[in-house]
Amino acid sequence: MNDSKSLLSKIAKTVRDIPRSGIRDFFEIVSSREDVISLGIGEPDFVTPWHIREAAARALERGATSYTSNLGLLSLRRGISKYVENKTGIGYRPENEVLVTVGVSEGLDLAIRALIEPGDEVLYHEPSYVSYNPLIQFAHGVPVAIQTKKENGFRLTRAELEEHVSPKSKVLLLNYPNNPTGAALSKKDVEEIAAFAIEHDLIVLTDEIYDELTYDREHYSIISVPGMRERTIYLHGFSKAWAMTGFRMGFTCAPPELTEAMMKIHQYTMLCAPILSQEASIEALKHAEKDIVYMKAEYKKRRNYIHASFEEMGIPCIRPDGAFYAFADISKYGMTSQEFALKLLDEQNVACVPGTAFGACGEGFIRCSYATAFDDIKEAMVRIARFIEKL
Ligand code: PLP
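Read in order, the letters of the sequence shown correspond to residues -13 to 377 in my numbering.
Encoded structure:
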């Protein structure tokens, strides 16, 4: 039993068969090198605002070291409920419709596991966040990827949905503003998708972790469409707009039956989210508006710069409407996106993520995160220009 082959044979097939995240592999290469400018990681370069960190420190001083209610601190759930209502016009009862999770990552896992039985199909759009496909498979569901198109600005259309729906479709998973493309939806887009979900009696999971970060239009949530609150799990968290990735804080808002189902899994696996992070999040919801405005203005400046630079170089790139990623089309250089990214790293010490990390239809693209210091972005763009000149 001690050789690697027999140990591997003990691992559940579903887990064995799912490849590691393409981002992780790529960044192991990056971390082995020096002087690399990384446009790779989707993590704010800002440190969490001081007053939020201070709230965690004060809570620690007070001796806040216990478990909390499984759902999370009631005062935090009240704050979340108010925040979501202000944003979307839709109210959720803090007592039984809000669940505090360990990042949106846990929320996604709970939502999928609470709903999916073996063979149920989950419609989702690609290129997509790297976790969606594996999480569906871990739950023994069937991931049905819908490839969105550059020509449509990577916005999911009703026609594309109609092509993929089947009697086994149970869930539609959405993520706008989108990682990795930066695409955002108009109110009309959202209404069309909502009509489709109602017509086909689907439950919608909407990952709106980037909702604060839209640059040219107001974000419109699918829960605001009449008839959607009752069939939607709304997922959000503090990692991005509040620059709190390390606090690992997220939340779900959903009708009581769905919240209770997710809470059961959460209760037996996670018990509760860490209390210090919950205390910090109470402060984040009360007093971080100015911080968000400041960081968003910075991202917008960088977005404009990175987009203009790609255009100037002749690399097509849709103008990202939201999140903090530019998805650039490098297909004309005759390399796979993996080859392009490795060669760029090798020759110019710039790291970006090959588009295929986000699904097969990401071939021909690279994702560049602009949650990176402005000076680094400037230097990276000089290096990319130098790189393509030689090709
Ligand atoms: N959803 C999307 C679309 C993301 O891009 C990310 C992180 O990059 C997550 C969820 C995970 O976020 P969290 O840090 O809240 O677990």
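Using N, Cα and C, we set each Cβ at its ideal position, and we do this for glycine too.
Asked: Just list the alpha helix (DSSP H) runs in the stretch 78 to 162, keeping only unbroken ones of 4 residues or longer that don't cross its boundaries, in chain order.; Found: 89 to 101, 118 to 124 and 144 to 150
Asked: Would you be able to state if there are at least three C-beta pairs under 8 Å between the stretch 71 to 80 and the stretch 201 to 219?; Found: yes
Asked: Let me make sure I understand the geometry here. Which of Met367, Val108, Ile122 and Tyr220 has the alpha-carbon closest to that of tyrosine 162?; Found: Tyr220
Asked: Please look up how many angstroms separate the CB atoms of isoleucine 38 and alanine 270, rounded, as I've assumed it's under 8 Å.; Found: 5 Å
Asked: Taking 8 Å as the cut-off, is the CB of leucine 94 close to at least one heavy atom of the ligand PLP?; Found: yes
Asked: May I have the straight-line CA-CA distance separating glutamate 349 from tyrosine 110, to the nearest angstrom?; Found: 18 Å
Asked: How do the stretch 324 to 336 and the stretch 174 to 184 stand: do at least 3 beta-carbon pairs fall below 8 Å, yes or no?; Found: no
Asked: Secondary structure at histidine 205, three-state DSSP: helix, strand or coil?; Found: coil
Asked: Specify which residues have a beta carbon nearer than 6 Å to any heavy atom of the ligand PLP, listing them in chain order.; Found: Gly28, Gly89, Val90, Ser91, Tyr115, Asn161, Asn165, Asp193, Ile195, Gly223, Ser225, Thr231 and Gly236
Asked: Three-state secondary structure (DSSP) at valine 176?; Found: helix
Asked: Using three-state DSSP, classify phenylalanine 360 as helix, strand or coil.; Found: helix
Asked: Enumerate, from N- to C-terminal direction, the unbroken alpha helix (DSSP H) stretches of 4 or more residues contained entirely within the stretch 256 to 329.; Found: 261 to 273 and 275 to 299
Asked: Please state if the CB of phenylalanine 310 and the CB of isoleucine 304 are separated by a distance shorter than 9 Å.; Found: no
Asked: Can you tell me the Cα-Cα spacing of glutamate 81 and lysine 154, whole angstroms?; Found: 33 Å
Asked: Spatial neighbours of aspartate 31 within its chain, please: CB distance less than 6 Å, with the 5 preceding and 5 following residues excluded, ordered by chain position.; Found: Ala357, Thr358 and Ala359
Asked: Go ahead and label tryptophan 228 buried or exposed: buried means 16 or more other beta carbons lie within 10 angstroms of its beta carbon, across all protein chains shown.; Found: buried
Asked: Once DSSP output is grouped into helix, strand and coil, what is the label at isoleucine 374?; Found: helix
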